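Participant:
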């Protein structure tokens, strides 16, 4: 991911995350707050097993990948996710990079090479919904 892409992501993420957190219901069944204090970005790009003839939602193991993302969201570990260009980005809450990696260690889209995954520590520069470290 280029610096320009990361800067654009940062500029778009903070307001979106603030709006998402403000709009999240406090009712039963809402995602729980994970007891972690570190943020990590997972960038997903197409891997060697990506089928160019199919859209993302028809790729092999995509259903299982989506179920994993849903589970992480319910646990309060997946804060926000989206796509731009050919890259998918997820902002994760975890105690360590190792824990963040463990969240996707059995994700079949990554294990099989449909997606290539890269983890990075998130460092907030412009505060808003997420305090700077």
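Residue numbers (our numbering): 17 to 149. Beta carbons: idealized from backbone N, C-alpha and C, even for Gly. Quick caveat, the model's predicted, so the values are computed rather than measured.
1. Taking all protein chains shown into account, decide if residue 102 is buried (16 or more other Cβ within 10 angstroms of its Cβ) or exposed.
2. Let me know the secondary structure DSSP gives residue 96 once reduced to three states.
3. Might you give, ordered along the chain, the residues of its own chain that have their beta carbon closer than 6 Å to the beta carbon of residue 80, omitting 5 neighbours on each side?
4. Would you kindly work out how many angstroms separate the C-alpha atoms of residue 117 and residue 135, rounded to a whole number?
5. From the DSSP secondary-structure annotation, give me the bridge partner or partners of residue 139.
6. Would you mind listing the beta strand (DSSP E) stretches within the segment 58 to 137 that are 3+ residues and don't spill past its ends, in chain order?
7. Please tell me whether residue 130 and residue 75 are closer than 9 Å, where the distance is taken between their beta carbons.
Facilitator: This is what the structure holds:
1. Residue 102 comes out exposed.
2. In the structure shown, residue 96 falls within a strand segment according to DSSP collapsed to helix, strand and coil.
3. 124, listed in sequence order.
4. Computed Cα separation, rounded: 7 Å.
5. Answer by DSSP bridge pairing: none, since residue 139 is not bridged.
6. Within the segment 58 to 137, complete beta strand (DSSP E) segments of at least 3 residues are found at 94 to 100, 103 to 110 and 131 to 137, given in chain order.
7. Yes, the Cβ-Cβ distance between residue 130 and residue 75 is below 9 Å.
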